[in-house]
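Top to bottom, those sequences are chains A and B.
Numbering follows this note's numbering, in which position 95 of the first sequence is assigned residue number 95; successive positions increment by one, without gaps.
To convert, count from 1 in the second sequence and add 1000; that's this note's numbering.
Yeah, the Cβ is synthetic: ideal placement off N, Cα and C, and Gly gets one too.
Computed from a predicted structure; not experimentally measured.
Protein chains: 2
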Amino acid sequence: MKKIKTRDRILQTSLALFNSVGEPNVTTLLISDEMDISPGNLYYHFKSKGDIVEELFDDYERDMVDLLAVPEDADISLEQQGFFLHLLFEAVARYRFLYQDLVNVLSRYDQLQVRFKRIQKKKMIAFKTICESFRRQGIMAIEPEELESLCEQLTLTACYWSAFDTLSHLDDRESVDPGRGVYQMMHLILPYLEPGHREEARLMSRDYL
Amino acid sequence: MKKIKTRDRILQTSLALFNSVGEPNVTTLLISDEMDISPGNLYYHFKSKGDIVEELFDDYERDMVDLLAVPEDADISLEQQGFFLHLLFEAVARYRFLYQDLVNVLSRYDQLQVRFKRIQKKKMIAFKTICESFRRQGIMAIEPEELESLCEQLTLTACYWSAFDTLSHLDDRESVDPGRGVYQMMHLILPYLEPGHREEARLMSRDYL
DNA sequence: GTCTATAACAGGATAGAC
DNA sequence: GTCTATCCTGTTATAGAC
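Shown next as structure tokens:
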């Protein structure tokens, strides 16, 4: 029953508010208000709002780098891939404020831009590695040109699905179900799987609905 | 050689600035400065910045409604579909400021939210209509479940491709090439086409690169 | 570490002269 | 229609007491 340090509570509260009403709409005053501390106290722990955003981005980056370290020449199963996608969508959902106002946020904190792009590239490479593994195992049959286009599509979808989903289905930004995203990603891959494995993957995808 | 009315120049300049640096980063002062008029003059023509955004949105909505009026039971060719996609991406690129900071913009002008969602739905229906037409003509073979997922994917891609593309490839937001987007959309459809037509579509898609 | 008060500033918007 | 000057508000950030 340890009590959480104020500094950490600020990060926690900020993340929650950013995700629910959008980073640009969250003022330092709103954060301190929500926590029942004074604005001055907030500025004792962080020298600017940007610092809070950056520290949250650090966390995001760490999570992503860990997750995207896909082994180069392992045999990845369809099931493992489903699990991977699940974790990926969860991570994205945890920091969805970044994605919801991506261009805006990156334009105001431009040190983040390079780092974000680097992560995007890592994602794309991870997808490629997985597909290559599938191909080696005879699970997938795909031409190089299609592979390129598929991986771009997977990266785009991983990036924007949650924003798209909240936009079209509900009006509150509180809860996001990663399942639909995983389902959608699997359906992108499906057509390129060998007929036998395709059925297996289709059945698996339905579990995520 | 008629001279353009100030009111229209404001709309024009605003759109250009919104697209290039993002709507939230454009102040009314920046707009008037760019046009070499006074801020007061701007407010003579529009009672608020929001009004400018709304009027631009009106244009966008009109363009979209026109474009998305796809005839229910016509036989649509692959070529017509390519042309349709081309026009769609051009329209989206013209108003890309909306998409780049979608959640943010829609949260600040909430009258737009409903209208935007309505357009999104229209897009999805247009894609469905086209696919149904392909199926009737024996160009496409697809299960209902995949059709649903494909149309969602097409809608998502139409929405976010340009933002994604500018993010990953260049650093300036001035010019957007709609071609890559069309190519990518075609490659989403490709796997569901009948083998004969698939080759035709693949060749066609390359023209857009 | 936390508070209150307030400075400093930016952006949206208005008033009134020309 | 257009200008200059100015107000108002919200937001970031700091100073100094407790």
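Query                                                                                                                                                           : Result
Does DSSP put residue 1209 of chain B in a helix, in a strand, or in coil?                                                                                      : coil
Just reading off the alpha helix (DSSP H) that residue 1144 of chain B is part of, what are its end residues?                                                   : 1144-1168
DSSP has residue 140 of chain A in a bridge; who is on the other side?                                                                                          : A:193
Output needed in chain order: residues of the region 18-37 of chain A with a Cβ under 7 Å from some Cβ in chain B.                                              : 22, 24 and 25
Which stretch, first to last residue, makes up the alpha helix (DSSP H) that contains residue 1093 of chain B?                                                  : 1078-1094
Can you check whether the CB of residue 78 of chain A is closer than 8 Å to the CB of residue 201 of chain A?                                                   : yes
Measure the C-alpha to C-alpha separation of residue 106 of chain A and residue 113 of chain A and round it to an integer number of angstroms.                  : 5 Å
Determine the DSSP secondary structure at residue 962 of chain B, reduced to helix, strand or coil.                                                             : The structure shown has nothing for residue 962 of chain B, since chain B only spans 1001 to 1209.
Any contact between the region 117-126 of chain A and the region 63-77 of chain A? By contact I mean 3 or more CB pairs, one from each, below 8 Å.              : yes
Considering only the alpha carbon of each residue, which of B:1019, B:1072, B:1010 and B:1084 lies closest to residue 1048 of chain B?                          : B:1010
Where residue 151 of chain A and residue 1146 of chain B are concerned, what is the direct C-alpha to C-alpha distance, given to the nearest angstrom?          : 19 Å
Alpha carbon to alpha carbon, how far is residue 1003 of chain B from residue 1019 of chain B? Give it in angstroms, no decimals.                               : 24 Å
With distance defined between alpha-carbon atoms, name the residue in B:1130, B:1036, B:1196 and B:1144 nearest to residue 1069 of chain B.                     : B:1130
Interface residues of chain A around residue 1187 of chain B at Cβ under 7 Å?                                                                                   : 146 and 149
Look at the Cβ atom of residue 1006 of chain B, then the Cβ atom of residue 1034 of chain B, and state whether they are nearer than 8 Å.                        : no
Sort A:156, A:155 and A:128 by Cα distance to residue 143 of chain A and report the nearest one.                                                                : A:128
Please report whether the beta-carbon of residue 1065 of chain B lies at a distance below 8 Å from any beta-carbon of chain A.                                  : no
So which residues of chain A does residue 1089 of chain B contact, with C-beta pairs closer than 9 Å?                                                           : The contacting residues do not exist; residue 1089 of chain B stays about 14 Å from chain A at best.
Quick check on residue 21 of chain A: does DSSP put it in helix, strand or coil?                                                                                : helix
Using the three-state DSSP reduction, which class does residue 109 of chain A fall into: helix, strand or coil?                                                 : coil
Count the CB pairs spanning the region 161-170 of chain A and the region 83-93 of chain A that are closer than 8 Å, and state whether there are at least three. : yes
Please report whether the beta-carbon of residue 1191 of chain B lies at a distance below 8 Å from any beta-carbon of chain A.                                  : yes
With DSSP run on the structure shown, which of helix, strand or coil describes residue 59 of chain A?                                                           : helix
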